[in-house]
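Q: With full-length UniProt numbering, the residue at position 312 of the sequence shown is 312, and numbering never jumps. In this text, a Cβ means the ideal position worked out from N, Cα and C, and glycines have one as well. None of these values were measured; they are calculated from a predicted model.
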Amino acid sequence: MATLKDLPIVLLIEILSRLPAQSLLQFKSVCKLWYALINDPAIFSLQDKCIYINRRIIIGFQLYTYIPSIIKFSHTPDRSISILDVNNPSSDFRKNTIHGHSQGLVCLLYDRDIFLFNMMTEKFRKLPSSILHNEDPYEMFDSLTSGVGFGYDSKSGDFKVVRVVQFPDEEGAYNLLPLRVEIWELRKERWREIESPNFRYLMITGGCEMHHEGKSYWWSRNTKGNIIRTFDMSEEIFGKIPVPNNLVEEDVMLNPNISMRMLNGSIVVFHGSNAGNEKTFSVWEMEKDVFSWSKLMTIGPFFGVEKPLLFVSSDELLMEADEGQVISYHVKTHVTKVLPIKGRPRVFANTYFDFSYGPPPPPLPM
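1) Work out the CA separation of Glu170 and Ser266 for me, nearest whole Å.
2) What is the rounded straight-line gap between the Cα of Gly151 and the Cα of Phe27?
3) Along the beta strand (DSSP E) that carries Lys160, what are the first and last residues, could you check?
4) What would DSSP say about Asn96, mapped onto helix, strand or coil?
5) Classify Asn54 as helix, strand or coil using the three-state DSSP reduction.
6) Under a three-way DSSP split, which group does Lys72 fall into?
7) Output the residue ranges of the beta strand (DSSP E) runs that lie fully inside the stretch 290 to 323 and measure 3 residues or longer, sorted by chain position.
8) Ignore the nearest five residues each way along the sequence and tell me which others in Ile194's own chain have a CB closer than 8 Å to its CB.
9) Helix, strand or coil: how does DSSP classify Phe115 here?
10) Could you give the distance in angstroms between the alpha-carbon of Val283 and the alpha-carbon of Phe270?
11) Taking just the CA atoms, how far does Ser143 sit from Val165?
12) Can you tell me whether Tyr35 is helix, strand or coil according to DSSP?
13) Could you work out which residue in Phe302, Arg229, Ile98, Arg187 is closest to Pro242 when comparing CA atoms only?
14) Tell me whether Met253 is buried or exposed, calling it buried when 16 or more other Cβ atoms sit within 10 Å of its Cβ.
15) By Cβ distance, which residues of its chain are closer than 7 Å to Leu33, with the 5 residues on each side in sequence left out?
16) Which residues in the same chain have their Cβ closer than 7 Å to the Cβ of Phe303, if we skip the five residues on either side of it in sequence?
17) From Arg187 to Asp153, what distance separates their C-alpha atoms?
18) Nearest-angstrom Cα distance between Pro178 and Ser220?
19) Which two residues bound the contiguous beta strand (DSSP E) that contains Ile227?
20) How long is the line joining the alpha carbons of Leu105 and His99, rounded to whole angstroms?
21) Rounded to the nearest angstrom, what separates His334 and Arg56 at their Cα positions?
22) Compare the beta carbon distance of Val312 and Glu285 with 7 Å and say whether it is the shorter of the two.
23) Buried or exposed for Gly239, please, with buried defined as at least 16 other CB atoms from any protein chain shown within 10 angstroms of its CB.
24) Identify which residue in Met262, Asn175, Asn245 has its Cα closest to the Cα of Tyr217.
25) With burial defined as no fewer than 16 other Cβ atoms inside 10 Å of the residue's Cβ, what is the status of Ser157: buried or exposed?
26) For Arg190, write down the residues that DSSP places opposite it in a beta bridge.
27) How far does the beta strand (DSSP E) with Cys107 in it reach, from first residue to last?
28) Should Glu287 go down as buried or exposed, given a rule of 16 or more other Cβ atoms within 10 Å for buried?
29) If you run the structure through DSSP and keep just helix, strand and coil, what is Phe27?
30) With H, G and I counted as helix, E and B as strand and the rest as coil, what does DSSP make of Asn246?
31) Quick one: what's Glu285 bridged to in DSSP?
32) Drop a sphere of 10 angstroms on the beta-carbon of Gly225, count the other beta-carbons inside from all chains shown, and report buried for 16 or more, exposed for fewer.
Dropping the structure here:
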């Protein structure tokens, strides 16, 4: 009688690539062959595209909660879409934002508290408080978390969290004292401080930060204008990338229509402009490993669109409508489709990212 071990490798890969992540986590212990296949990212290239979106839902008078949902886009010719609500990793009603994800692990920030959430096991862990403190024990002003990032260090084979902290001066002014930085390594389970960067400002807003393949990107400013600051988890060093020339002097606090995302491995920047009740968005793309920007496309004008969210593919873009709907927009045919998912108007998608259910992360102290 034939068994699963007798299946051709190609067929076995096809089966494994369609299983949910929780099953893969269990099946790793079946045999050495299965363990090797499940830990090979190449077998997951056939899986469906998934988008994680955090919905803000009103549950009472001036009371709301966050409902995470996964939008799954199939690779079948009909391009079917399914939506699944997942358990909120916390019953806390505070606003939470995502600051990186890797191999099923998600880093969330609740005010000053940092949590790691394993989407596969649904385990939730709060990291210890910061080890960075003001040198003046009588200081009345609080420190600010200026930036948080999470990613995988390919050199050490460990996951890391980076936190950038600002302290006020004697008069309570921020952005004047040097930033301080600490790193959390999951296997060592401790914070450690690293050398401070030579800049004093990061923009900590959902649209103006991004995390991709072990690097964090934050919108920032220097004496010459806007700039993108980077942090490499493996090298533990900061870098910088210029922004498109027309955005060097743009005030991000006054114009919320600026955001960073990824498309086919390259950084793209959305820049929106208003004309009455309509919005038009320019999409700028940076060449890979080259600090040169070119205008990729212009989309719009749109009526009733709040902002672009992210690209599902080169031709498909998810956008948020004024009333909280998520819209799928085909950039070539200009066909739009409203997805059956909705949150509170204008504050719908505070966190969102794309992912695939790849190999489960190694056992972690969660």
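A: This is what the structure holds:
1) As a first step, residue 266 must be located in the sequence shown, where it is residue number 266. As a first step, residue 170 must be located in the sequence shown, where it is residue number 170. The straight-line gap from Cα to Cα measures roughly 42 Å.
2) Walking along the sequence shown from the start, residue 151 turns up at place 151. Walking along the sequence shown from the start, residue 27 turns up at place 27. Cα to Cα, Gly151 sits roughly 25 Å from Phe27.
3) Position 160 of the sequence shown, counting from 1, holds the residue named residue 160. Start and end: 158 to 166.
4) By one-based count along the sequence shown, residue 96 stands at place 96. In this structure, Asn96 counts as strand in the three-state DSSP scheme.
5) Position 54 of the sequence shown, counted from the first residue, corresponds to residue 54. Strand at Asn54.
6) Taking the sequence shown and counting its residues from 1, one reaches residue 72 at position 72. Three-state result, Lys72: strand.
7) 293 to 303, 305 to 311, 316 to 321
8) For this step, residue 194 is matched to residue 194 along the sequence shown. The residues are Val181, Glu182, Ile183, Glu236.
9) Reading the sequence shown from its first residue, position 115 is the one you call residue 115. Looking at Phe115 - three-state DSSP - the assignment turns out to be strand.
10) Looking up residue 283 in the sequence shown gives position 283. Looking up residue 270 in the sequence shown gives position 270. The alpha-carbon atoms of Val283 and Phe270 are separated by roughly 5 Å.
11) As a working note, residue 165 is residue 165 in the sequence shown. As a working note, residue 143 is residue 143 in the sequence shown. Roughly 7 Å separates the two Cα atoms.
12) Indexing the sequence shown from 1 puts residue 35 at position 35. Tyr35: helix per DSSP, three-state reduction.
13) Position 242 of the sequence shown, counted from the first residue, corresponds to residue 242. It is Arg229.
14) By 1-based counting over the sequence shown, the position of residue 253 is 253. Burial call: exposed.
15) By 1-based counting over the sequence shown, the position of residue 33 is 33. Correct list: empty, nothing qualifies.
16) Here residue 303 refers to the residue found at position 303 when the sequence shown is read from its first residue. Here the set comprises Asn277, Glu278.
17) Residue 187 sits at position 187 when you count from the first residue of the sequence shown. Residue 153 sits at position 153 when you count from the first residue of the sequence shown. Going from the Cα of Arg187 to the Cα of Asp153 covers about 12 Å.
18) Here residue 178 corresponds to residue number 178 of the sequence shown, with the count starting at 1. Here residue 220 corresponds to residue number 220 of the sequence shown, with the count starting at 1. C-alpha separation (whole angstroms): 14 Å.
19) Here residue 227 corresponds to residue number 227 of the sequence shown, with the count starting at 1. 225 to 232 is the span of the beta strand (DSSP E), which, as asked, contains Ile227.
20) One-based indexing of the sequence shown puts residue 105 at position 105. One-based indexing of the sequence shown puts residue 99 at position 99. Cα to Cα, Leu105 sits roughly 11 Å from His99.
21) Residue mapping note: residue 334 aligns to position 334 of the sequence shown, counting from 1. Residue mapping note: residue 56 aligns to position 56 of the sequence shown, counting from 1. Their backbone Cα atoms lie some 28 Å apart in a straight line.
22) Along the sequence shown, read from residue 1 onward, the residue named residue 312 stands at position 312. Along the sequence shown, read from residue 1 onward, the residue named residue 285 stands at position 285. No, they are not a contact pair.
23) In the sequence shown, the residue the question calls residue 239 occupies position 239. Gly239 comes out exposed.
24) Stepping through the sequence shown from its first residue, residue 217 is reached at position 217. Comparing Cα positions, the closest option is Met262.
25) For this step, residue 157 is matched to residue 157 along the sequence shown. At residue 157 the sequence reads Gly, which differs from the Ser that was named. Exposed, because fewer than 16 other Cβ atoms sit within 10 Å of the Cβ of Gly157.
26) On the sequence shown, residue 190 is found 190 positions in, with the first residue counted as 1. Beta-bridge pairing links Arg190 to Glu185.
27) On the sequence shown, position 107 is the one that residue 107 refers to. It spans 105 to 110 - the beta strand (DSSP E) in which Cys107 sits, taken as one unbroken run.
28) Your numbering for residue 287 matches position 287 in the sequence shown. With fewer than 16 other Cβ atoms within 10 Å, it is exposed.
29) Taking the first residue of the sequence shown as 1, we reach residue 27 at position 27. If DSSP states are grouped into helix, strand and coil, Phe27 belongs with the helices.
30) Your numbering for residue 246 matches position 246 in the sequence shown. Three-state result, Asn246: helix.
31) Sequence index remark: in the sequence shown, residue 285 carries index 285 (1-based). As a beta-bridge residue in DSSP terms, Glu285 pairs with Val268, Ser294.
32) Counting from one through the sequence shown, the residue named residue 225 turns up at place 225. Label assigned to Gly225: exposed.
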